[in-house]
Every structure is written in structure tokens, then in C-alpha cells.
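See structure below.
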RNA sequence: GCCGGGGUGGCCGAGUGGCGAGGCAGCGGACUGCAGAUCCGCCUCACGGGGGUUCAAAUCCCUCCCCCGGCUCCA
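Residue numbers (the numbering used here): 248 to 718.
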């Protein structure tokens, strides 16, 4: 039974999709005006784990991640650099996609862009005006927060204490937020019933989510800094327009990545981009680091900690490689492996139970460590290949769900080339003969040669194991 | 100020009443042609401060202190 924390209700809830045959999720994607940094990555990885876990549990998942490709900052940058705003947006959109790919974040099914949904946005604004929730004022359109009685239910904020949102003139209440912004000179604009302008920040999410997911769906989320005003405003305009309550069943928010005392943010200028970090550490290690804390917790970025979890990660990879090597042995089982296999089963159960409890990845990873310990002091020394195979299945589950260990699980087919396999075995055996005769030069020549081909060797007590090393 | 989340051993990080999760680092051993990997032991009673409830509290209650986020663009 999968439980997940819902910001809307402030408690963990049993996950049950609105429609039993499909889970619909919408994640607030980036505003593409700068490079994707590891703070973003933490959030997107978290939602990727959620999506993968739901799929692992057998759900069909439809995931939409929006791209905000028009806003003040994009415009500002385009003016600064004297280039079309679309050039800026395209560049950083591409950067975002590359970052996701590196970190093994599965592609969303749809990446809708705000500028490609102006018509849908205008229609919603029109409807909100008709229903009396929004009003036009000198080319701008605002949402009247006083008309929406549930305003503040997500962020638990009292309307009165909200400071004015957006600048803007002719608002009924200072807290009203813009649905449509009148174009200023030199700004890109679209025609609308209220004159030339562009959509406000929040409205695109209502328009695009309803287009692709329907007027009510299961999961919506983003970083915890989006709770207010972004998500609060989305709820207001969507529930007012679609007449569905709750508009979204589960609101999920990810703890921010901190740099020392501040959150990592473009506006603080303390960002480390995904590109930078992955040029220094393998993307898989970065991903493993990002899920080493609970998704709802804030994490203070420390390079030393990344290195420490990276060391732990490597240990698991080594063990998986060794297990693979063991699993292909076809000798007699020394003694019954049933007990060991039962134990692996218990570990797997605890692993999944941890994830069932609000995606407790640190706990789940601890279970993987305990599997690793068990493999190293029980399975491997005993060459228990049936147990090795079962253990590998558990790591493979972890690969599917957590999206780590890609190095050792992808491209399996390629590696199962039988002749290549036999050939390497032959070389390793030959090397063993030389080793037993203490002919180190030949032995090392073979070892170096194999390593240069991406085949790792490890001399154990009475044998040599080997595996294909991924890049 | 208001709303939300936190403060756990050198570091990271689980744990919401009952035998000290797990990892990393460090130290000492074992194994070993080299290398890598691995194993064993040690770091064996840590839970922000102070009160309280209980046979029993990191965990519940009260109180104080500190940190972060939100209340402005933000993942």
C-alpha cells in the first residue's frame, strides 16, 4: 500500500488514482532562461522516482512537464543580449532536456510550451471573466482572489496577509494576480480580446494540464517554493473555472537544495549547473546523491557528501559486477541456498516497504546496502549462483525504480554475445595459468589488454572474476 | 510577525513509546605477486536546552533556543 504526503491535507495518504486505469501527473517544469542547476535536478529526479515507482507498481502513468518559454526574465535576457526571446527559450530548453537525459530522468510524455497554448489560455481567461472570477483592467486581466473562497487552502495562508502579487494597476485587491499581462513597448505579444499581451505565469499550467490531463487529475507538484503563490493561484483559477474540487488530488512538493544557508537559486547566484557537476562526477553518482536524502527534506549541498555517497555507490556497483560474474558460473551449488534466498526476499520486501512509505529512498538505499553486505560475505564467498541471480533481480528492481545502476544494467543484450564471452573466459583462463607459474609479465599483459577493452578483472582468492565495465 | 518544515554520533542519514537502521570517513587486523575488491574488529548508550507524562521517550505534553523555506521571481 503506497502512501504519499499530500501538501493539501498535510498528511500522508494512501495513493489511489482518480481513475483506476491511469495515473495522471503534472510537474512544473523550468522557466527556460538559464541553465538547469542541481537544485532543479533534485526535484525532477524526485518526480522521476515517483513516476518510476508507480510504473513499477503496475500503473499506467501519463506525465506532463510544462516548459515556461515566455516570462519577464526571458524577455529581460533577450533585451540584454539583443536576440529574439525564442532563441533564449530554445537554448535553455535544450539544456534542460540534456540535463534530464544525463541524470536518467525518463522523458515525460508531453512537454507543452506556454507559447504554443495561447488560445487555450485565452479561453480559460474568458471563462473566468464570464463566471465573475476575473476582470479586465486597462489591457490586463486579474483574478479576483476574494471571489474564490478557498484561496489559501494549499499554502495555509490568509489572503489578508499576502503582500501584493505582481505589480499592476487597477486591481480590486492588491493580492489579485495577473492572468493576462498587457504588452509593454518592445515586448513580444499575442492578440487577445483585451488587446496585445501575454499570459501571466500561473495560467499556463491550468490551460495545459486540462488540455492533456483533463479537468481533474491525480498528481501535481514541484519544488516547495512553488506552493505559494504559484500553486495556490493555479488552484484558484482552475477550481473556479472547471468547477471540480479538488482540482488535483495529490499535491507533492520537494524540499529545496541549499547552498550553505540559502537555497540554490539563480537569483542568489549560487548555482551549480547539472552540466558542471556531471563533468566532475558521474551522472549516476549525482543522481544517487540526490536521492540519498528524503525527497521532502531540504538538502544542503556539500561536495564532500557527494563524494562520500559516491564511494558507497561504487561499493554497490562492485558488488553487482561481482554477483554478475558469480551468477554465470554453472557449478554445483555447494549447499542449499534456500536460506540465503529467503533472506534476500526479506531485504527486498523491506526495500519496497520503505518506498511504499512516502518514497523513503534513504531507507530503501540502506536496504540495498544491507543486501550488498550480505552478498559480499555470504553469496560471493560461497559462489551461491542461484542466490546471486536472485540478488541481481533486486538490484535490477532498484535500477528500474531509483534509476541508478544504469552502468551495470543497460545494454545487457550486447554483453550477452556468447562467443565474446567465451573468448574472454579463455583469455582469463590462460592468464590464470601464467599466474600460477608466476609469469607476471604475461599475466599483466593480458590484464592490461583486457582493461583497455573495457573488461575489468579482479583476482580473488582462488579465481579471477571479470565483467564489462561501462563508460 | 504569520504559515510550513527541521535540529540525531566526526560527516551524511533512517527511525514517531520498548533490544543503538544503514552508509561514509578514521583506526587496527585479515587476504593479496602487483592492483583492485572483499572480510573481521574498534569508534561499543547520539538524539538542540530545560521541565513533565510513563515501568519505559530521539519518539508524547509544556516551555525556551537555533536553522531553513514561504509570505517577491524561483524546482
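Even for Gly, the Cβ is constructed at its ideal location relative to N, Cα and C.
Residue 308 is bridged by DSSP to 270. The three-state reading of DSSP puts residue 277 in coil, since its state is none of H, G, I, E or B. Rounded to the nearest whole angstrom, the C-alpha separation of residue 454 and residue 714 is 50 angstroms. Across the structure, residue 362 and residue 626 are spaced so that their CA atoms are roughly 56 angstroms apart. In the displayed model, residue 467 falls within a strand according to three-state DSSP. Judged by DSSP secondary structure, residue 697 falls within the alpha helix (DSSP H) whose first and last residues are 687-699. Judged by DSSP secondary structure, residue 677 falls within the alpha helix (DSSP H) whose first and last residues are 665-683. Burial state of residue 631 is buried, judged by a 10 Å Cβ sphere holding 16 or more other Cβ atoms.
Less than 7 angstroms separates the beta-carbon of residue 272 from that of residue 466. A distance of 7 angstroms or more separates the beta carbons of residue 642 and residue 573. Between residue 458 and residue 367, the C-beta spacing is below 7 angstroms. The alpha-carbon of residue 508 is positioned some 24 angstroms away from that of residue 499. Listed in chain order, the non-local C-beta contacts of residue 259 below 7 angstroms within the same chain comprise 250, 251, 252 and 605, local neighbours out to five positions each way being set aside. When DSSP states are grouped into helix, strand and coil, residue 619 belongs to the helix group. Fully enclosed alpha helix (DSSP H) runs of no fewer than 4 residues occupy 450-460 of the stretch 384-463, in order along the chain. Here the stretch 335-345 lies against the stretch 311-320, with 3 or more beta-carbon pairs under 8 angstroms apart. Counting along the chain, residue 712 sits inside the beta strand (DSSP E) bounded by residues 711-715. Within its own chain, the residues whose Cβ lies closer than 7 angstroms to the Cβ of residue 430, once the five positions on either side in sequence are excluded, are 436, 443, 444 and 445, listed in chain order. The residue from 637, 602, 690 and 664 with its alpha-carbon nearest to that of residue 299 is 602.
With a threshold of 16 other beta carbon atoms within 10 Å, residue 484 meets it and is buried.
Close CB contacts of residue 255 within its chain, under the 6 angstroms cut and outside five residues either way in sequence, are with 401 and 498 (chain order).
Residue 398 counts as buried, since no fewer than 16 other beta carbons sit within 10 angstroms of its beta carbon.
Of the residues assessed, residue 492 falls on the exposed side of the cut-off, its CB having fewer than 16 other CB atoms within 10 angstroms. Taking 7 angstroms as the cut-off, the beta carbon of residue 487 is found no closer than this to the beta carbon of residue 382. The beta carbon of residue 349 lies closer than 7 angstroms to those of 521, 525 and 530 in the same chain, with the five residues before and after it left out.
Counting other Cβ atoms within 10 Å of its Cβ, residue 468 reaches 16 or more and is therefore classed as buried. Using a Cβ-Cβ distance cut-off of 8 angstroms, the stretch 420-428 and the stretch 509-519 are not in contact, since fewer than three pairs of beta carbons, one from each stretch, lie closer than that value.
When the Cα atoms are used, residue 712 and residue 647 turn out to be separated by approximately 26 angstroms.
Residue pairing of residue 252 in beta bridges, as defined by DSSP: 259. Counting along the chain, residue 603 sits inside the alpha helix (DSSP H) bounded by residues 585-603. Judged by their CB atoms, residue 473 and residue 275 are nearer to each other than the 7 angstroms cut-off. Under a 10 Å Cβ-count criterion, residue 560 is classified as buried, with 16 or more other Cβ atoms of the shown protein chains found around its own Cβ. Distance from the CA atom of residue 386 to the CA atom of residue 395, rounded to whole angstroms, is 22 angstroms.
When beta bridges are read from the DSSP output, residue 703 appears opposite 714. Between residue 369 and residue 456, the gap from beta carbon to beta carbon reaches 7 angstroms or more. In this structure, residue 584 sits away from residue 628, with a CB-CB distance that is not shorter than 7 angstroms.
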